[in-house]
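J.: Structure below; questions to follow.
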Amino acid sequence: MTRTQEGTSVSDCTNAAEALINRLDRLHSAPQVAQQVVRLTKDPDFDVRDIVVCIQRDPALTARVLAVVNSSRYALRNKASNVKQAVNYLGPRTIRLITLTFGLVDSLSNGVSASVYQSYWRRALTIASLSSRLAEQREDVDADDAYTAGLLADVGVLVFAQFHTDQYSALEESFTHGPELIAAELFEFGVGHSMLGARLFEYWGVADDLVEAIEGHHLDDPVSESPLALTVRTASHLADAILTPQSESVLTAKTLLSEEFDLDTDAFIDLVLNAEETINREATEFSLGIGEPVDTQNLVDQAQRLFADAAFESAMDIDTLTATVDEFTTEPPTPW
161 MTRTQEGTSV SDCTNAAEAL INRLDRLHSA PQVAQQVVRL TKDPDFDVRD
211 IVVCIQRDPA LTARVLAVVN SSRYALRNKA SNVKQAVNYL GPRTIRLITL
261 TFGLVDSLSN GVSASVYQSY WRRALTIASL SSRLAEQRED VDADDAYTAG
311 LLADVGVLVF AQFHTDQYSA LEESFTHGPE LIAAELFEFG VGHSMLGARL
361 FEYWGVADDL VEAIEGHHLD DPVSESPLAL TVRTASHLAD AILTPQSESV
411 LTAKTLLSEE FDLDTDAFID LVLNAEETIN REATEFSLGI GEPVDTQNLV
461 DQAQRLFADA AFESAMDIDT LTATVDEFTT EPPTPW
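Taken in order, the sequence shown gives residues 161 to 496; the numbers are from our numbering.
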């Protein structure tokens with residue numbers, strides 16, 4: 161039987177996830193509009209007007225969609241004043257992604273603690289911004305898909321918080337986000353938030369590559385992964401490094417950025433600093449409470465030290481090799 165790192169079987173994790181998802185349906189906590197939009201757009205001949213009507217039924221979601229559409233992210237020449245204009249400006253596919261993301265997260269955020277809400281959006285915007293920028297370095301990943309996957313990567317956290325509000329809030333405060341938190345979730349609930357989020361989207365019939373990206377974003381070295389999953393996983397490790405001082409994830413992120421995205425030290429730092437600006441700006445534009453603004457200076461300093469240490473070690477290796485070669489070529493041969 162296949163087993164997780166912590167010793168819980170995959171089938172047990174799946175059963176635990178399905179039980180929570182069924183509870184969402186029974187309590188009508190699932191985001192109805194987002195689900196309807198997903199169903200509508202599965203038909204390649206869907207009518208855009210149906211999407212517009214669907215979104216307009218939810219005034220709060222309509223306001224959220226318009227705030228996102230009119231943000232600096234899309235830099236529209238003319239502001240959209242209604243959903244129909246938003247669809248005309250950005251196209252149904254982008255509106256679908258925005259609706260799925262914010263419709264889902266806003267719905268699942270109801271009733272969760274302020275600390276979980278702030279932590280979720282702080283991390284979601286960080287992964288999304290980094291994922292989108294990393295996607296621009298590749299020809300096989302769409303930046304909007306990467307942004308959406310980044311925003312939704314940790315959605316399982318909100319599902320836990322719906323049913324175990326106080327317990328999960330304490331859990332999140334006690335354990336570092338990533339493998340440590342997932343191990344605690346497995347112990348308490350029988351499934352980790354990355355698998356829970358993946359099973360939720362699988363249940364809704366969302367695209368397989370998005371499901372894969374959500375499920376694998378905390379892994380260190382998956383056997384195989386799609387370009388989208390690789391992009392989001394890299395962004396997730398980098399987000400860990402930004403949001404958790406002295407996180408070991410910076411080493412994994414450094415390796416991935418170098419080997420998979422061909423980013424050197426300067427590009428690494430530019431990526432992080434640009435992401436910081438985007439995260440804090442979008443938090444304001446989207447009216448999302450993330451607590452203190454994201455500050456990447458600690459990571460920049462840590463990255464510079466790491467790269468400097470690596471360069472020093474490389475130089476020492478070269479000096480040692482050169483000295484050995486010089487010694488070999490200058491010393492007279494030992495007589496027989």
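For every residue, glycine included, the Cβ atom is placed at its ideal position computed from N, Cα and C.
For F320 and H353, I'd like the C-alpha separation in whole angstroms.
T.: For the purposes of this step, residue 320 is taken as the residue at position 160 of the sequence shown. For the purposes of this step, residue 353 is taken as the residue at position 193 of the sequence shown. So the alpha carbons of these two residues sit roughly 8 Å apart.
J.: Output yes or no for whether 8 Å exceeds the beta carbon distance between A344 and T259.
T.: Numbered from its first residue, the sequence shown carries residue 344 at position 184. Numbered from its first residue, the sequence shown carries residue 259 at position 99. For A344 and T259, no; Cβs fall outside 8 Å.
J.: Report yes or no: do the stretch 250-265 and the stretch 207-226 share at least 3 C-beta pairs separated by less than 8 Å?
T.: Inter-segment contact for the stretch 250-265 and the stretch 207-226 is present: three or more beta-carbon pairs are separated by less than 8 Å.
J.: Taking contact to mean 3 or more Cβ pairs, one atom from each stretch, closer than 8 Å, check whether the stretch 245-252 and the stretch 265-278 are in contact.
T.: Taking a cut-off of 8 Å on C-beta distances, the stretch 245-252 does not touch the stretch 265-278, as fewer than three cross pairs fall below it.
J.: Taking 8 Å as the threshold (C-beta atoms), are G310 and I287 in contact?
T.: Walking along the sequence shown from the start, residue 287 turns up at place 127. Walking along the sequence shown from the start, residue 310 turns up at place 150. Against a cut-off of 8 Å, the Cβ pair of G310 and I287 comes out as a contact.
J.: Measure from the alpha carbon of D203 to the alpha carbon of each residue in R253, R293, V229 and S396, then state which is nearest.
T.: Locating residue 203 in the sequence shown gives position 43, where the first residue counts as 1. D203 has its Cα closest to that of R253, out of R253, R293, V229 and S396.
J.: With A428 and L411 assumed to form a contact (beta carbons below 8 Å), what rounded beta-carbon distance in angstroms separates them?
T.: Here residue 428 corresponds to residue number 268 of the sequence shown, with the count starting at 1. Here residue 411 corresponds to residue number 251 of the sequence shown, with the count starting at 1. The displayed chain sequence assigns Phe, not Ala, to residue 428. About 12 Å; that fails the 8 Å criterion.
J.: Identify whether S171 lies in helix, strand or coil by the three-state DSSP scheme.
T.: Looking up residue 171 in the sequence shown gives position 11. Three-state result, S171: helix.
J.: With H, G and I counted as helix, E and B as strand and the rest as coil, what does DSSP make of I181?
T.: Translated into positions along the sequence shown, residue 181 becomes position 21. The answer is helix: DSSP assigns I181 an H, G or I state.
J.: If you measure between the beta carbons of A295 and A306, is that distance less than 8 Å?
T.: Taking the first residue of the sequence shown as 1, we reach residue 295 at position 135. Taking the first residue of the sequence shown as 1, we reach residue 306 at position 146. Yes; because the gap between Cβ atoms is below 8 Å, this pair is in contact.
J.: Please report the distance separating the alpha-carbon of N182 from that of F335.
T.: Working through the sequence shown from its first residue, we reach residue 182 at position 22. Working through the sequence shown from its first residue, we reach residue 335 at position 175. When rounded, the distance between both Cα atoms is 27 Å.
J.: If we ignore side chains and look at the alpha-carbon of each, how far apart do Y363 and E372 end up?
T.: As a first step, residue 363 must be located in the sequence shown, where it is residue number 203. As a first step, residue 372 must be located in the sequence shown, where it is residue number 212. Cα-Cα distance, rounded: 13 Å.
J.: Ends of the alpha helix (DSSP H) at N440?
T.: For the purposes of this step, residue 440 is taken as residue 280 along the sequence shown, with counting starting at 1. From DSSP, the alpha helix (DSSP H) with N440 extends over T425 to E445.
J.: Output the distance between the C-alpha atoms of L423 and Q216, rounded to the nearest integer angstrom.
T.: Taking the first residue of the sequence shown as position 1, residue 423 is located at position 263. Taking the first residue of the sequence shown as position 1, residue 216 is located at position 56. Between L423 and Q216, the C-alpha separation is close to 43 Å.
J.: Quick one: using the 10 Å Cβ neighbour count with 16 as the cut-off for buried, is N175 buried or exposed?
T.: Indexing the sequence shown from 1 puts residue 175 at position 15. Looking at its Cβ environment, which holds fewer than 16 other Cβ atoms inside 10 Å, N175 is exposed.
J.: Should A177 and R359 be called a contact, given that it needs their Cβ atoms to be closer than 8 Å?
T.: Taking the first residue of the sequence shown as 1, we reach residue 177 at position 17. Taking the first residue of the sequence shown as 1, we reach residue 359 at position 199. Cβ distance < 8 Å, so A177 and R359 count as in contact.
J.: Nearest-angstrom Cα distance between V315 and D461?
T.: As a working mapping, residue 315 is identified with position 155 in the sequence shown. As a working mapping, residue 461 is identified with position 301 in the sequence shown. Going by the C-alpha atoms only, they are around 30 Å apart.
J.: Below 7 Å CB to CB, which residues in the same chain sit around V212 once its five sequence neighbours on both sides are set aside?
T.: Taking the sequence shown and counting its residues from 1, the one referred to as residue 212 is at position 52. The residues are V243, K244 and V247.
J.: Straight-line CA distance for L431 to L290?
T.: The residue given as residue 431 occupies position 271 in the sequence shown. The residue given as residue 290 occupies position 130 in the sequence shown. Each residue's Cα considered, the two are about 7 Å apart.
J.: Please list, in chain order, all residues of the same chain as L433 whose beta carbon is under 8 Å from its beta carbon, the five residues on each side excluded.
T.: Residue mapping note: residue 433 aligns to position 273 of the sequence shown, counting from 1. Within the same chain, and ignoring the five residues on either side of L433 in sequence, the residues whose Cβ sits closer than 8 Å to its Cβ are T456 and V460.
J.: Return the first residue and the last residue of the alpha helix (DSSP H) that V213 is part of.
T.: Translated into the one-based positions of the sequence shown, residue 213 becomes position 53. V208 to Q216 is the span of the alpha helix (DSSP H), which, as asked, contains V213.
J.: Could you check the C-alpha separation between L236 and V170 for me, to the nearest Å?
T.: Within the sequence shown, numbered from 1, the residue matching residue 236 stands at position 76. Within the sequence shown, numbered from 1, the residue matching residue 170 stands at position 10. Inter-residue distance for L236 and V170 is about 45 Å (C-alpha atoms, whole angstroms).
J.: If we ignore side chains and look at the alpha-carbon of each, how far apart do A179 and L312 end up?
T.: For this step, residue 179 is matched to residue 19 along the sequence shown. For this step, residue 312 is matched to residue 152 along the sequence shown. In a straight line, the C-alpha of A179 is about 20 Å away from that of L312.
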